[in-house]
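With the UniProt record's numbering, letter number 283 in the sequence shown gets 283, and the count goes up by one each step, no holes.
We put the beta carbon where it would ideally sit given N, CA and C, even for glycine.
Here the structure is a predicted model, which is why all the values come from computation and not from measurement.
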Amino acid sequence: EKPSRLRTDGGLNEHLGRHESATGPPFADALKGETSVLKGLSSLSGAHLPAIEDWTPAVDGDAKRSLHGHRFPARPLLTSEVRGCPCCLRKDIAGSSLPPHRAMTFRSHWLIHHVSLCLHHKRQLVVLWQVAAPTQRYDTAAQFRLIADQVITGALQGEEREPTDFEIWFDKRLEGEPHAATWLDEHPLHAAAVFCRLLGTALLKLQGIHLSQIAPGSEWGCYQMGFEVARHGEQAVLKALQKLNRLAEPRHGPKAVFPMLYDRLTHDHKEDPDFTPFRKLLGKHLRASWPLGPGDDLLGTPVTVRTLHSVRTAAEETGVDVRRLRKMLEASTMIDPNLPDSWAVFDAAEAKPMLASLVDFMSAKEFFETLHIGRSQFNLLVKDDILQPALKDVDTKHVWDPRDGRAFVDRLLVGAETIQQAQHGWEKIAKSAQRLKLRPAAIIRAIREGRIHRVARNAQFDGYAAVHVYHDEVAQVLAQDQPSAMSLRLFAETVGLGNPVYLSRLVRDGHVSTTEMRNPRTKAMQRFIAPHDAAAFHNRFVTLRVISKAKGTSWQSLSHHLRRAGVMPFSPDNADYGNIYLKKDVEAVLAD
1 EKPSRLRTDG GLNEHLGRHE SATGPPFADA LKGETSVLKG LSSLSGAHLP AIEDWTPAVD
61 GDAKRSLHGH RFPARPLLTS EVRGCPCCLR KDIAGSSLPP HRAMTFRSHW LIHHVSLCLH
121 HKRQLVVLWQ VAAPTQRYDT AAQFRLIADQ VITGALQGEE REPTDFEIWF DKRLEGEPHA
181 ATWLDEHPLH AAAVFCRLLG TALLKLQGIH LSQIAPGSEW GCYQMGFEVA RHGEQAVLKA
241 LQKLNRLAEP RHGPKAVFPM LYDRLTHDHK EDPDFTPFRK LLGKHLRASW PLGPGDDLLG
301 TPVTVRTLHS VRTAAEETGV DVRRLRKMLE ASTMIDPNLP DSWAVFDAAE AKPMLASLVD
361 FMSAKEFFET LHIGRSQFNL LVKDDILQPA LKDVDTKHVW DPRDGRAFVD RLLVGAETIQ
421 QAQHGWEKIA KSAQRLKLRP AAIIRAIREG RIHRVARNAQ FDGYAAVHVY HDEVAQVLAQ
481 DQPSAMSLRL FAETVGLGNP VYLSRLVRDG HVSTTEMRNP RTKAMQRFIA PHDAAAFHNR
541 FVTLRVISKA KGTSWQSLSH HLRRAGVMPF SPDNADYGNI YLKKDVEAVL AD
């Protein structure tokens with residue numbers, strides 16, 4: 001048992017309970033690091049004030065708490081579930097002459113969600129009580145009174161198991177005790193622990209285990225799996241990520257290979273500098289081993305230019321047989337001969353002259369099959385001048401340049417999002433055009449002109465077949481039987497405002513104009529965003545989605561850049577309109 005850890009003990013629990021009833025929740029204030037309350041705890045317990053302050057989760061910056069010199073997010077520390085070790089509590093009772101509820105002591109490290117085992121008793125922590133209201137949750141005297149019998153009889157008991165290397169390391173770092181040096185010691189404790197869990201969760205795939213198979217309370221195994229690799233440093237992590245690559249196809253995207261690791265580092269921890277080294281490490285892996293192209297994203301930033309080719313993507317672009325191309329690349333020592341076609345990558349710019357010399361012009365049939373375009377769809381695209389042969393008036397049918405086909409698809413996918421399957425209104429261009437009795441060229445031109453914003457790459461398909469559009473948006477923009485305007489809901493989705501209530505507030509407060517029109521389906525009069533309303537909106541406002549697509553960068557990085565420059569969302573009189581900005585303010589910052 002470590003005496004330095006903050007406790008509410010002995011008569012202190014009962015004093016807190018009585019004091020709470022009369023004047024408010026001092027233990028809740030103690031958990032906020034209120035100095036006056038901590039001084040009271042010091043005088044009541046006899047403990048030194050610096051020790052109490054050190055082990056109190058005091059407020060430290062935005063939504064953070066500091067505990068013994070380590071920063072943790074506040075929300076996981078202060079959940080409705082209060083956990084602890086019943087064995088420790090029984091030991092408290094046995095070693096005191098006070099009534100059980102006064103003898104039991106609460107250890108502050110039990111609040112940390114990375115801690116799931118009492119290393120002293122080798123028992124997992126259990127939920128002691130679960131209370132939503134903080135005033136009752138932290139009335140420890142009252143709560144200990146309720147569970148005293150269960151603690152004494154052993155009805156509350158955690159499972160017994162040996163501590164993992166991660167748990168021993170975490171405990172020693174938290175305490176500031178000597179321990180075997182690891183690469184993780186270079187990084188903040190909370191961020192390092194989260195990275196271990198995320199990496200371990202990804203590594204489950206190497207064992208053939210799905211995350212859904214992990215029983216509640218068994219996450220400690222994920223921490224250990226990640227720690228066992230990460231403790232040895234960056235090269236060990238990169239080697240493990242390379243192994244994970246082999247379990248999937250690159251076209252499915254990084255999120256399909258390591259979903260939680262990629263998603264959390266891309267979004268949840270984007271703005272936290274403690275996670276920057278781990279984001280950089282994952283980015284280094286992706287840049288070195290993934291053949292990313294338009295339609296993909298790199299940690300939230302849309303890819304606009306291909307840096308790496310794989311044998312497979314190069315064969316698709318040039319029309320060269322995969323086996324022939326592979327032999328030439330191996331002979332040039334440009335690829336690792338041990339990697340499969342989809343993962344054998346090489347520098348696209350360096351190989352461009354060689355690839356250009358290998359290009360095999362195709363027949364029309366070879367061209368549309370390579371691009372995964374149906375024959376009838378291909379004929380329509382040719383007739384409407386969307387696709388044209390590279391050679392004309394020549395005595396050969398091999399007049400189609402596969403590079404033109406790849407460029408055609410890539411142009412449609414610039415700034416697109418990645419979806420794993422077509423749900424919630426996503427359609428292939430051909431299907432959306434068919435439903436609206438349009439030619440596909442109309443949709444393609446609208447995408448190129450920026451009138452259709454929501455475009456996605458479906459990871460289940462290749463080439464043109466992978467390009468999906470959001471049908472409701474296409475219908476509002478192009479359908480002849482629709483009003484020549486968008487509903488407020490669809491316009492909000494299109495510009496990336498998220499919740500339609502934000503646009504409704506902008507309209508209600510007179511910041512955005514609308515046009516009243518009759519809905520041709522319901523025959524009811526309703527407000528729409530007509531073309532002139534949309535133009536007025538775009539002349540005055542911008543959203544993160546619109547800027548990110550125009551600039552080819554992530555909305556998260558743009559948000560961070562704007563915030564650092566002092567540009568805040570449009571919010572006169574503190575009204576909440578979501579992440580919408582005045583265009584002139586944003587343009588001034590981005591022009592610097």
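If you look at Tyr-581, you'll find it in the beta strand (DSSP E) that goes 580-582. Contact annotation, Lys-64 with Pro-73: C-beta distance approximately 6 Å; criterion of less than 8 Å satisfied.
Taking all protein chains shown into account, Pro-440 has 16 or more neighbouring C-beta atoms within 10 Å of its C-beta and is therefore buried. Beta-bridge pairing by DSSP links Val-229 to no other residue. Its Cα nearest to that of Phe-227, the residue Phe-170 stands out among Gly-374, Gly-69, Phe-170. DSSP, reduced to helix, strand and coil, places Gln-130 within a strand of the structure shown.
Beta-bridge annotation (DSSP): Ala-58 is paired with Ser-66.
Listed as beta-bridge partners of Phe-528 by DSSP are Ser-487, Thr-515. Membership of Ser-310 in the beta strand (DSSP E) is indicated by the continuous run 308-310. If you ignore the 5 residues before and after Ala-430, its C-beta comes within less than 8 Å of the C-beta of Gly-374, Gln-377, Pro-440, all in its own chain and listed in chain order. Beta-bridge analysis with DSSP links His-468 to Lys-428, Ala-456. Looking at the backbone, the Cα of Val-512 and that of Leu-503 are separated by about 8 Å. Look at Met-362 here: in three-state DSSP terms it is strand.
Each of Arg-107, Leu-89, Leu-329 was checked against the Cα of Thr-56, and the nearest Cα belongs to Arg-107. In the three-state DSSP reduction, Arg-451 falls in the coil class, being neither helix nor strand.
DSSP assignment within the region 176-259 yields the following whole alpha helix (DSSP H) runs of 4 residues or more, N-terminal first: 189-203, 220-230, 234-245, 254-257.
Excluding sequence positions up to five before and after Glu-516, its CB lies within less than 6 Å of the CB of Met-525, Arg-527, all in the same chain and listed in chain order. Asp-297 sits in a strand when the DSSP states are folded into three classes.
Contact between the region 125-132 and the region 150-159 is present, with at least three C-beta pairs closer than 8 Å. In the three-state reduction of the DSSP assignment, Gly-84 falls in the strand class.
For Phe-408, the enclosing alpha helix (DSSP H) has its first and last residue at 402-413. For Leu-238, the closest alpha carbon among the candidates Met-225, Leu-286, Ile-112, Arg-563 is that of Leu-286. Beta bridge pairing from DSSP links Val-542 with Tyr-581.
Around the Cβ of Val-194, a 10 Å sphere holds 16 or more other Cβ atoms; the residue is buried.
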